[in-house]
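K.L.:
Sequential numbering of the sequence shown, starting at 715, is according to our numbering.
For glycine and all other residues, C-beta sits at the position ideal for the given N, C-alpha and C.
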Amino acid sequence: MFENVLQVVKEYPTIIIHRHSSPDGDALGSQIGLKNLLQENFPEKRIYVVGDAAKRYAFMEGSIMDEIDEETYQGALAFILDCGASGLISDERYKKAAKTVRIDHHIFCETIADIEVVDTSYESCCGMITEFALESGLRLSPASAKALYTGMITDSGRFRYDSTTANTFRLASALMEQKFDTGDIYAQLYADDFLSIRLRAQFVLKIQFTPHKVAYIYTTKEELASYGVDTFTISRGMVNTMADIRGVDIWVNFTETEENVLVEIRSNKHTVQPIAVKYGGGGHAKACGAAVKNREEAMALLEDLNAFDQQ
Ligand SMILES: [Mn+2]
């Protein structure tokens, strides 16, 4: 699967690793993991990571990006990781590289690089980098394994999502042969500010139910103003305070703004997206949203969800 990749890695003295912008754990994990992997096995090469800041994932060791000038790309090999579309790649100077390789697990929609390894059967790009290491007989290091494991758990929802397979565990097992502290990763990933925890508690107390057990929260614009946080922190950020309630398959968060009412709908079972579409919205099958005119329209949407859940 990775013969051509190993071949070009051996050929080029300079390797620059890109990934998607606004990086998540998998984008950074695969980027840092690959850098450490290559540095460990090819110490004579110059290897760089580039892109926008790690922000939420700045706790990951090695997440500070390298500053390089354009000349560095001359005669270099560029990797593009965890990127389904060219528009999402952070730092478009990858185009200046002599050779490009993409490794990705998103649905293929366009050719981006000279060498493409795209396989949607992997739960994460980190899983693919681990596969590359094993297949190529490259030596993993604790630093590389820790970064790759971080991406694997974030993209698989800690091995919970449907994308998790026997292969996922085979690769995770290979990473865990290295000595690193998983407790440290989890502590960093799940730690939250007390103010957010307090806000979530307030939202838990606001949960209501329709007769057919659709959970919902309605936040008026006066309440929204009183929380002193931005709209998305409430609208997207609070919808899953209603997740994992026994007997509840559909939940919806309504947030009034000056212009409209934002609606975020989630389900663990049903394809609720047609209801979002009916009200001018869209999204994924079980995670979608819309913006409706006012409270009346919001309540009509809620009634549709209530009727839907009976099926
Ligand atoms: Mn990913």
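Relative to ligand 1, is the shortest distance from any of its heavy atoms to the C-beta of D876 smaller than 8 Å?
P.N.:
Translated into the one-based positions of the sequence shown, residue 876 becomes position 162. No; taking the cut-off as 8 Å, the Cβ of D876 has no heavy atom of ligand 1 nearer than that.
K.L.:
Would you say L913 and V966 are within 9 Å of each other, going by their C-beta atoms?
P.N.:
Residue 913 sits at position 199 when you count from the first residue of the sequence shown. Residue 966 sits at position 252 when you count from the first residue of the sequence shown. Their beta carbons are not under 9 Å apart, which means L913 does not touch V966 by this criterion.
K.L.:
Taking only beta-carbon atoms, is K893 less than 9 Å away from chain D?
P.N.:
The structure shown contains no chain D; it is built from a single protein chain.
K.L.:
In this structure, does DSSP put A799 in helix, strand or coil?
P.N.:
The sequence position of residue 799 within the sequence shown is 85, counting from 1. DSSP places A799 in coil when its eight states are reduced to three.
K.L.:
Quick check for students: name the residue ranges of the beta strand (DSSP E) that lie wholly in the stretch 835-896, counting only runs of 3 or more.
P.N.:
You should have found no qualifying run.
K.L.:
Is any heavy atom of ligand 3 found at a distance shorter than 8 Å from the C-beta of M779?
P.N.:
In terms of ligand content, the structure shown lacks ligand 3 and carries ligand 1 instead.
K.L.:
Counting along the chain, where does the alpha helix (DSSP H) carrying R914 start and finish?
P.N.:
Start at 1 with the first residue of the sequence shown, and residue 914 comes out as number 200. Run containing R914: F908 to V918, per the alpha helix (DSSP H) assignment.
K.L.:
For ligand 1, I want to know if G765 counts as a neighbour, meaning its beta carbon is within less than 8 Å of at least one of the ligand's heavy atoms.
P.N.:
Along the sequence shown, one-based indexing puts residue 765 at 51. Because no heavy atom of ligand 1 lies under 8 Å away, the Cβ of G765 does not count as near it: no.
K.L.:
Just to confirm before moving on: does the CB-CB distance between V815 and A827 stay below 9 Å?
P.N.:
The sequence position of residue 815 within the sequence shown is 101, counting from 1. The sequence position of residue 827 within the sequence shown is 113, counting from 1. Closer than 9 Å, so yes.
K.L.:
Would you identify the three-state DSSP class for D665, choosing helix, strand or coil?
P.N.:
Lying before the first or after the last residue shown, residue 665 is absent from the chain, which here runs from 715 to 1025.
K.L.:
In whole angstroms, what separates the C-alpha of L852 from that of R770?
P.N.:
Within the sequence shown, the letter at position 138 stands for residue 852. Within the sequence shown, the letter at position 56 stands for residue 770. One C-alpha to the other measures close to 30 Å.
K.L.:
Apart from the five residues on each side of it in sequence, which residues of its chain come closer than 8 Å, Cβ to Cβ, to A990?
P.N.:
Counting from 1 along the sequence shown, the entry for residue 990 is found at position 276. Around A990: V977, I979, G996, G997, C1002, G1003 and A1004.
K.L.:
When you compare each of E1010, Y726, T933 and H984 to F793 by their alpha carbons, which one comes out closest?
P.N.:
Sequence index remark: in the sequence shown, residue 793 carries index 79 (1-based). The shortest C-alpha separation from F793 is found at Y726.
K.L.:
Report the three-state DSSP secondary structure of R950 (helix, strand or coil).
P.N.:
If you number the sequence shown from 1, residue 950 lands on position 236. Residue state, collapsed to three classes: coil.
K.L.:
Mind checking whether the beta-carbon of L740 lies closer than 8 Å to any heavy atom of ligand 1?
P.N.:
In the sequence shown, residue 740 corresponds to position 26, counting from 1. One detail in the question is off: residue 740 reads as Asp in this sequence, not Leu. Flag set: Cβ of D740 near ligand 1.
K.L.:
Please state whether the Cβ-Cβ distance between L885 and G942 is less than 9 Å.
P.N.:
In the sequence shown, the residue the question calls residue 885 occupies position 171. In the sequence shown, the residue the question calls residue 942 occupies position 228. No, these two residues do not count as a Cβ contact at 9 Å.
K.L.:
So, at 8 Å on beta carbons, what are the nonlocal neighbours of L938 in its own chain, with the 5 sequence-adjacent residues on each side left out?
P.N.:
Looking up residue 938 in the sequence shown gives position 224. Within the same chain, L938 has close Cβ partners T945, I948, T969, E970 and T971.
K.L.:
Excluding five sequence neighbours on each side, which residues of the same chain lie with their C-beta closer than 6 Å to the C-beta of A741?
P.N.:
Taking the first residue of the sequence shown as 1, we reach residue 741 at position 27. Cβ neighbours of A741 beyond the five flanking positions: R733, H734 and D796.
K.L.:
What do you reckon, is the C-beta of D833 under 8 Å from a heavy atom of ligand 1?
P.N.:
Along the sequence shown, read from residue 1 onward, the residue named residue 833 stands at position 119. Checking the Cβ of D833 against ligand 1 gives no.
K.L.:
Using 8 Å as the threshold, is the stretch 856-870 in touch with the stretch 830-845, meaning 3 or more CB pairs across them?
P.N.:
yes
K.L.:
Roughly how many whole angstroms lie between the Cα atoms of T896 and A905?
P.N.:
The residue labelled residue 896 in the question sits at position 182 within the sequence shown. The residue labelled residue 905 in the question sits at position 191 within the sequence shown. Straight-line Cα distance between these residues: approximately 14 Å.
K.L.:
Quick one: is the Cβ of H998 within less than 8 Å of any heavy atom of ligand 1?
P.N.:
In the sequence shown, the residue the question calls residue 998 occupies position 284. No, Cβ of H998 sits at least 8 Å from all heavy atoms of ligand 1.
K.L.:
Would you mind reading off the limits of the beta strand (DSSP E) that contains R733?
P.N.:
Your numbering for residue 733 matches position 19 in the sequence shown. Counting along the chain, the beta strand (DSSP E) containing R733 begins and ends at T728 to R733.
K.L.:
Within the continuous alpha helix (DSSP H) that includes E1010, where are the two ends?
P.N.:
Walking along the sequence shown from the start, residue 1010 turns up at place 296. R1009 to F1022 is the span of the alpha helix (DSSP H), which, as asked, contains E1010.
K.L.:
With a threshold of 16 other CB atoms inside 10 Å of the CB of S804, please say whether the residue is buried or exposed.
P.N.:
Along the sequence shown, one-based indexing puts residue 804 at 90. When all chains shown are included, S804 counts as buried.
K.L.:
The alpha helix (DSSP H) spanning E830 covers which residue range?
P.N.:
Stepping through the sequence shown from its first residue, residue 830 is reached at position 116. In the DSSP annotation of this structure, E830 is not part of any alpha helix (DSSP H); the continuous beta strand (DSSP E) holding it starts and ends at I829 to V832.
K.L.:
Report the CB separation of P856 from K893 in whole angstroms; it is logged as a contact under 8 Å.
P.N.:
In the sequence shown, counting from the first residue as 1, residue 856 sits at position 142. In the sequence shown, counting from the first residue as 1, residue 893 sits at position 179. Contact holds; Cβ gap of about 5 Å.
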